[in-house]
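In terms of this note's numbering, the sequence shown opens at residue 13 and continues consecutively.
Ideal Cβ positions, reconstructed from N, Cα and C, are used throughout, including at glycine.
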Amino acid sequence: MEEARKLAKVIIQNSNNPKLAWLIFNRAALSAPHSPPPPFRSIPPIVRILVRAKMFSELSSLSDFLLSRRPADSALLPALFAVVKIVAGAGHVGRAVSIFRSVRTRFPDRQPPVSLYNLLIESSLKRTSDASWLYRDMVLAGVSPQTYTFNLLIAGLCDSGCLQDASKVFDKMREKGCEPNEYTFGILIRGYCSSGLSFEALGLLELMKKTGVCPNMVIYNTLISTFCKEGKTCEAEKLVERMRDEDGLAPNVVTFNSRISALCDSGKVLEASRIFRDMEADDAGDYGLPKPNNITFNVMLEGFCKEGMLEEARGMVESMKRRGFLSNVNSYNIWLAGLVRNAKLSEAQSLLTEMVENGVEPNIYSYNIVIHGLCKNGMVADARSLMNLLKSNGVNPDTVTYTTLLHAYCLKGKVTEANNVLIDMKKSGCNPNTHTCNVLLSSLWKEGKVSEAKMLLQKMDERCYPFDTASCNIVIDGMCRTGKLDKAVEMVGEMWNHGSPSAALLGNLGNLFLNQEKKCFPDLITYSTIINCLCKDGRLGEAKKSFVEMMERKLFPDSVVYNTILHHLCKKGKIASAFQVVKDMERKGCEKNLQTYNSLIFGLGSKNQIFEMFGLMDEMRERGIFPNVHTYNIMIRCLCEEGRTEEATHLLQEMLEKQTLPNTHTFELLIKAFCGIGEFRPAQEVFQIGLSIYGHKETLYKIMFNELLVGGEILDAKLLFEASLDKRFDVSEFLYKDLIDKLCKGEDLESGHAVLKRMMGCGYVFDPASFLPVIDGLRRTRKKHESDELEKCMMEMVSRCKDGSKANKNNTESNRQRRDDMNGTAEWQKIVQRDDGSAIAMRNLKRVINGWGKNMHG
Numbered sequence: 013m014e015e016a017r018k019l020a021k022v023i024i025q026n027s028n029n030p031k032l033a034w035l036i037f038n039r040a041a042l043s044a045p046h047s048p049p050p051p052f053r054s055i056p057p058i059v060r061i062l063v064r065a066k067m068f069s070e071l072s073s074l075s076d077f078l079l080s081r082r083p084a085d086s087a088l089l090p091a092l093f094a095v096v097k098i099v100a101g102a103g104h105v106g107r108a109v110s111i112f113r114s115v116r117t118r119f120p121d122r123q124p125p126v127s128l129y130n131l132l133i134e135s136s137l138k139r140t141s142d143a144s145w146l147y148r149d150m151v152l153a154g155v156s157p158q159t160y161t162f163n164l165l166i167a168g169l170c171d172s173g174c175l176q177d178a179s180k181v182f183d184k185m186r187e188k189g190c191e192p193n194e195y196t197f198g199i200l201i202r203g204y205c206s207s208g209l210s211f212e213a214l215g216l217l218e219l220m221k222k223t224g225v226c227p228n229m230v231i232y233n234t235l236i237s238t239f240c241k242e243g244k245t246c247e248a249e250k251l252v253e254r255m256r257d258e259d260g261l262a263p264n265v266v267t268f269n270s271r272i273s274a275l276c277d278s279g280k281v282l283e284a285s286r287i288f289r290d291m292e293a294d295d296a297g298d299y300g301l302p303k304p305n306n307i308t309f310n311v312m313l314e315g316f317c318k319e320g321m322l323e324e325a326r327g328m329v330e331s332m333k334r335r336g337f338l339s340n341v342n343s344y345n346i347w348l349a350g351l352v353r354n355a356k357l358s359e360a361q362s363l364l365t366e367m368v369e370n371g372v373e374p375n376i377y378s379y380n381i382v383i384h385g386l387c388k389n390g391m392v393a394d395a396r397s398l399m400n401l402l403k404s405n406g407v408n409p410d411t412v413t414y415t416t417l418l419h420a421y422c423l424k425g426k427v428t429e430a431n432n433v434l435i436d437m438k439k440s441g442c443n444p445n446t447h448t449c450n451v452l453l454s455s456l457w458k459e460g461k462v463s464e465a466k467m468l469l470q471k472m473d474e475r476c477y478p479f480d481t482a483s484c485n486i487v488i489d490g491m492c493r494t495g496k497l498d499k500a501v502e503m504v505g506e507m508w509n510h511g512s513p514s515a516a517l518l519g520n521l522g523n524l525f526l527n528q529e530k531k532c533f534p535d536l537i538t539y540s541t542i543i544n545c546l547c548k549d550g551r552l553g554e555a556k557k558s559f560v561e562m563m564e565r566k567l568f569p570d571s572v573v574y575n576t577i578l579h580h581l582c583k584k585g586k587i588a589s590a591f592q593v594v595k596d597m598e599r600k601g602c603e604k605n606l607q608t609y610n611s612l613i614f615g616l617g618s619k620n621q622i623f624e625m626f627g628l629m630d631e632m633r634e635r636g637i638f639p640n641v642h643t644y645n646i647m648i649r650c651l652c653e654e655g656r657t658e659e660a661t662h663l664l665q666e667m668l669e670k671q672t673l674p675n676t677h678t679f680e681l682l683i684k685a686f687c688g689i690g691e692f693r694p695a696q697e698v699f700q701i702g703l704s705i706y707g708h709k710e711t712l713y714k715i716m717f718n719e720l721l722v723g724g725e726i727l728d729a730k731l732l733f734e735a736s737l738d739k740r741f742d743v744s745e746f747l748y749k750d751l752i753d754k755l756c757k758g759e760d761l762e763s764g765h766a767v768l769k770r771m772m773g774c775g776y777v778f779d780p781a782s783f784l785p786v787i788d789g790l791r792r793t794r795k796k797h798e799s800d801e802l803e804k805c806m807m808e809m810v811s812r813c814k815d816g817s818k819a820n821k822n823n824t825e826s827n828r829q830r831r832d833d834m835n836g837t838a839e840w841q842k843i844v845q846r847d848d849g850s851a852i853a854m855r856n857l858k859r860v861i862n863g864w865g866k867n868m869h870g
């Protein structure tokens with residue numbers, strides 16, 4: 013006994029030197045071939061040392077040695093059970109169960125303690141096959157399971173989604189004489205709730221009461237929370253009443269948080285706010301209401317932010333500061349996300365500084381929220397600067413940080429900068445993941461850099477990044493973009509058959525997909541890509557075949573897939589087929605959305621079914637779907653083509669009243685329609701409306717000028733062209749050559765000459781043929797000197813054009829960009845506030861409708 017104690021002491025003293033501890037133990041206890049089992053006292057310390065040092069081969073030697081001894085020694089079995097217990101407790105469940113199996117094989121007639129079974133089952137909950145074997149072995153060994161044992165098994169099965177098996181174990185439990193307790197019911201109820209079977213869970217509550225087990229607050233809160241999340245508020249309210257009246261349990265803050273969270277998730281933030289204010293009231297306790305906690309405040313803050321109620325959110329933040337609830341990084345992150353979601357990016361950046369000042373260190377998630385917002389709004393340089401700042405603050409960027417920045421560069425088409433981010437990422441020791449590579453891969457395909465994309469795929473394979481379905485979808489999309497649609501379709505088939513595309517299909521790239529364990533099967537995005545490309549290629553029959561195949565594979569189409577087919581059917585004029593698709597779409601539970609209606613309206617427009625188009629617009633409004641500029645443009649185009657310009661103008665008025673901002677195409681349709689029937693004055697008024705909204709936009713001037721010229725309004729066209737020259741517009745798409753020609757042929761040679769000189773004086777490079785009508789006119793009037801001078805200028809222009817000079821574009825690019833930034837991208841709210849904006853637009857529009865518009869067809 014004394015020797016055993018000394019050996020254990022020496023082993024413990026050398027625990028920091030595992031190899032020496034093992035050497036001492038081995039020599040003292042295991043060296044002799046027929047030596048007795050080592051003393052029990054020394055087993056636990058040496059096993060702990062071996063496990064901590066991951067010396068698993070030595071651990072196997074020890075367990076094999078113990079298993080080879082004669083079973084007569086009374087300390088042998090406890091020693092083996094101790095090994096199993098320590099190994100399982102350290103998290104090496106597979107090894108522990110393996111040793112235990114060997115023990116049961118070696119000593120089948122010995123009963124392990126129930127506590128050891130419980131420990132192994134609890135450790136094996138995620139390994140359901142091991143847990144099942146342990147329970148069966150327990151029964152065979154004659155060890156009576158405890159209620160705790162069954163609770164463990166039920167919890168493991170529920171967590172694995174095996175509810176039927178969990179229910180069977182629950183029934184078996186009562187057969188074995190183990191009465192379920194409140195924890196048993198709680199585990200099973202939570203399992204049903206997690207699987208969306210809330211009413212089945214409620215049935216368990218009834219059974220619980222029948223068996224005499226009283227529900228506790230946790231069970232009620234689990235059920236109430238589930239009903240709230242599922243929008244079953246009546247059932248949740250009944251449960252609250254029941255817990256009060258039948259079981260005498262007062263709802264606590266967790267109960268109320270569930271209700272408030274459910275209301276916020278369903279967009280009923282004001283209703284949630286009323287409950288919150290009642291909880292905050294001084295007399296809340298008199299009515300049995302708990303005081304809000306940090307979670308309550310966070311839920312309300314997030315609810316306000318999601319609904320864009322920033323003023324209410326600010327008030328909540330101030331209240332949290334006063335009460336000391338804005339003191340942790342999670343609360344700050346909710347407010348950061350709210351600011352970013354509502355485009356308050358500078359305020360979000362300031363909040364990061366405020367956090368540090370208040371002693372709350374931003375974590376990487378905090379920085380990622382702001383970086384994502386900056387990138388989403390195109391402020392990539394600011395995002396890069398913020399990433400440098402977080403590095404200087406001692407926070408290391410993670411994969412999400414780098415991937416967000418890389419994605420932003422890819423969206424801007426800056427593949428070189430994106431690649432630099434990838435290099436920087438690897439230098440910092442942050443390994444890219446599959447998603448990172450997919451972002452860059454997608455960008456390369458879209459940019460048409462096929463060879464670079466293939467090189468990236470090979471690098472992914474070399475670095476053992478697993479390819480996923482998203483990777484395959486990117487390759488399929490790339491094939492479609494590069495005209496290899498048939499190969500893309502073939503690749504989908506091979507993904508189903510083999511879980512990956514073949515080497516024969518992709519060449520060497522096929523091996524990359526074949527050499528991985530994870531299989532890549534098609535999903536909705538795969539079929540959406542293929543169906544869209546087939547439809548674009550005019551292969552509607554094959555698109556329908558892919559659609560049917562998708563359904564057969566239990567991949568049910570979403571509105572994106574349906575709308576893709578609808579769009580192309582309507583484009584082809586197959587309206588009857590389109591409406592059949594809509595019926596199928598609604599039967600499958602996919603609601604019509606704006607894109608659906610736009611496609612149908614476009615299809616009806618191609619058949620001049622204007623009455624039906626207006627009917628669809630009425631249906632849209634009834635369903636709470638509001639037409640966008642594309643919807644209105646389709647309607648306006650059809651009305652204009654039918655000569656119903658007055659109705660088209662009324663639609664423009666409706667757009668302005670509904671604050672749907674018209675685009676330049678809207679004005680182009682109306683201007684062309686008016687000019688086409690010779691109504692130039694209302695066309696000019698529509699042009700003025702466009703200017704009042706967009707400012708002096710080059711496109712509007714071009715449209716108006718060209719239409720005036722084609723319509724024979726030469727003088728007005730000339731004045732508008734001169735105004736365009738004054739504004740230094742790019743006039744390459746203006747019919748200036750026709751203007752000069754018409755002026756010269758219309759006995760106004762002087763004006764044609766003046767326009768030509770004006771263009772040269774402004775430094776424009778233009779079509780040298782524009783000189784010819786003026787030169788011919790000057791020769792006819794015997795102005796040889798002037799015609800010769802002009803001919804020299806023409807030859808210089810020819811030379812400049814041959815040299816590829818872009819003076820015209822260069823001279824006007826910066827002016828146009830500046831004007832577009834100031835006017836073209838103005839938000840509707842800014843236009844409404846302009847004195848010369850929507851007010852003038854509406855006044856001018858009424859003049860069109862009430863004035864010339866009435867006599868257009870007379």
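Expected contact under 8 Å - CB spacing of residue i and residue j to nearest Å
i, j, result
"E319", "V352", "Actually they are not in contact, since the Cβ atoms of E319 and V352 sit about 15 Å apart, beyond 8 Å."
"E134", "L164", "5 Å"
"N345", "I376", "So it is not a contact: roughly 11 Å between Cβ atoms."
"I61", "I23", "7 Å"
"G764", "P785", "6 Å"
"C190", "P157", "6 Å"
"N620", "E658", "The Cβ separation is near 17 Å, so there is no contact."
"V265", "P302", "4 Å"
"C246", "R202", "Contact flag wrong, Cβ pair sits at about 22 Å."
"L216", "L200", "6 Å"
"G702", "L712", "5 Å"
"S210", "E242", "6 Å"
Proximity of residue i and residue j at Cβ, strictly below 8 Å
i, j, result
"I613", "T643", "yes"
"L197", "M229", "Correcting the residue type first, residue 197 is Phe in the shown sequence and not Leu. Not closer than 8 Å, so no."
"I715", "I683", "yes"
"Y609", "V573", "no"
"A500", "I486", "no"
"S207", "L175", "yes"
"L357", "G385", "yes"
"T161", "V105", "no"
"L761", "F783", "no"
"V151", "L132", "no"
"F626", "K600", "no"
Alpha carbon of residue i to alpha carbon of residue j, nearest angstrom
i, j, result
"L521", "K466", "Reliability fails at L521, whose pLDDT of 49 lies under 50, so the model's placement of it is uncertain and no value is given."
"L755", "Y776", "20 Å"
"E258", "A296", "23 Å"
"G173", "P124", "30 Å"
"L398", "L417", "11 Å"
"M834", "A735", "Legend: pLDDT at M834 = 34, less than 50; position of this residue unreliable, value from coordinates given subsequently. Between M834 and A735, the C-alpha separation is close to 19 Å."
"A40", "V96", "22 Å"
"V372", "S378", "11 Å"
"L673", "L664", "10 Å"
Closer than 7 Å: residue i CB and nearest the ligand HEM heavy atom
i, result
"L606", "Looking for the ligand HEM in the displayed structure turns up nothing, as the structure carries no ligands at all."
**Asked** Unbroken beta strand (DSSP E) runs of length 3 or more, entirely within the segment 409–433: which are they?
**Response** none
**Asked** What residue ranges within the segment 185–257 form continuous alpha helix (DSSP H) runs of no fewer than 4 residues, ordered along the chain?
**Response** 194–206, 210–222, 229–241, 245–257
**Message:** Report the start-end ranges of each beta strand (DSSP E) in the segment 263–313 that is 3 residues or longer and not cut off at the edges.
**Reply:** Complete beta strand (DSSP E) runs here, min 3: none at all.
**Request:** May I have a chain-ordered list of the alpha helix (DSSP H) segments no shorter than 4 residues that lie completely inside the segment 309–342?
**Result:** Counting only runs of 4 or more, we get 322–335.
**Request:** Scan the segment 739–797 and note each continuous beta strand (DSSP E) run of 3 residues or more that stays entirely inside, going in chain order.
**Result:** none
**Message:** Restricting to runs no shorter than 4 residues, where is the alpha helix (DSSP H) found entirely within the segment 86–154?
**Reply:** 88–101, 105–118, 126–135, 140–152
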